[in-house]
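Remarks on the structure that follows.
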Ligand code: SAH
């Protein structure tokens, strides 16, 4: 029998030693069973700090990237959050663990991934996360405004719909750039302008 809880704890301890992460983020990483989001054949690697293929040419993000993004978003319980790029749903689950599953809205381009993510989220206790198949460039206007919005796929700039759907003084976060991407965090001001800051080079799959 594989002791997934022990493996997960070891992974989170390693993250805690290396990166300066908030306790709230580490608790969420300790709670979400990443192996359940990874395809059967890749499970043994679920608690290595690395991206893994999930089908449709897409990947599950590396744990440290999910943790760093949770910190940069300054997620607090009760925040409403929009995610673009559900993939397998792991990142959405970590977000849900912090803000509450009913406050998380996620858009996935690939129908099959959206369906699978919904089922996995449900099976591990995050069934209240809302997942929609569609084009994330349009955001998800029905539930706007959001306190936070983030992209898990790289865009050349933050899509205007996303900027419009985040409340004043809310935060947008995502990999921005075409070949070379940087992780950009932006505070959305009341006049719609963005206060941007860069947080290092990253590598994500492209926004479709
Ligand atoms: N959040 C995932 C990582 C997903 S990888 C995790 O938990 O690890 C990025 C995802 O973005 C892929 O599933 C891809 O299909 C999706 N994507 C790409 N372009 C998109 C778009 N325009 N709208 C919504 N999702 C998109």
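Residue numbers (our numbering): 247 to 454. Heads up, the beta-carbon is just placed ideally off N, CA and C, and yes, glycines get one too.
Below 8 Å on the Cβ atoms is my guess for residue i versus residue j; work out the distance and round it to an integer in Å.
| i | j | result |
| --- | --- | --- |
| residue 275 | residue 327 | With a Cβ gap of about 16 Å, residue 275 and residue 327 do not count as contacting. |
| residue 396 | residue 420 | 6 Å |
| residue 508 | residue 434 | What the structure shows of the chain is the stretch from 247 to 454, and residue 508 is not part of that stretch, so it cannot be assessed. |
| residue 293 | residue 264 | Their Cβ separation, rounded to whole angstroms, is 15 Å, which puts residue 293 and residue 264 out of contact at 8 Å. |
| residue 261 | residue 284 | About 17 Å separates the two Cβ atoms, so there is no contact after all. |
| residue 407 | residue 384 | 5 Å |
Tell me whether residue i sits in a helix, a strand or coil according to DSSP, three-state version.
| i | result |
| --- | --- |
| residue 294 | coil |
| residue 345 | helix |
| residue 414 | strand |
| residue 421 | strand |
| residue 382 | helix |
| residue 409 | helix |
| residue 395 | strand |
| residue 430 | strand |
| residue 339 | helix |
| residue 437 | coil |
Looking only at its own chain, which residues have a Cβ that is under 8 Å from the Cβ of residue i, when we skip the five neighbours before and after it?
| i | result |
| --- | --- |
| residue 366 | 282, 283, 334 and 335 |
| residue 426 | 447 |
| residue 338 | 329, 332, 350, 352, 363, 367, 372, 375 and 377 |
Excluding five sequence neighbours on each side, which residues of the same chain lie with their C-beta closer than 7 Å to the C-beta of residue i?
| i | result |
| --- | --- |
| residue 268 | 317 |
**OP:** Output the residue ranges of the beta strand (DSSP E) runs that lie fully inside the segment 350 to 376 and measure 3 residues or longer, sorted by chain position.
**Re:** 350 to 354
Subject >> 3 or more residues per run - each beta strand (DSSP E) lying fully within the segment 261 to 329 >> reply: 298 to 301 and 304 to 306
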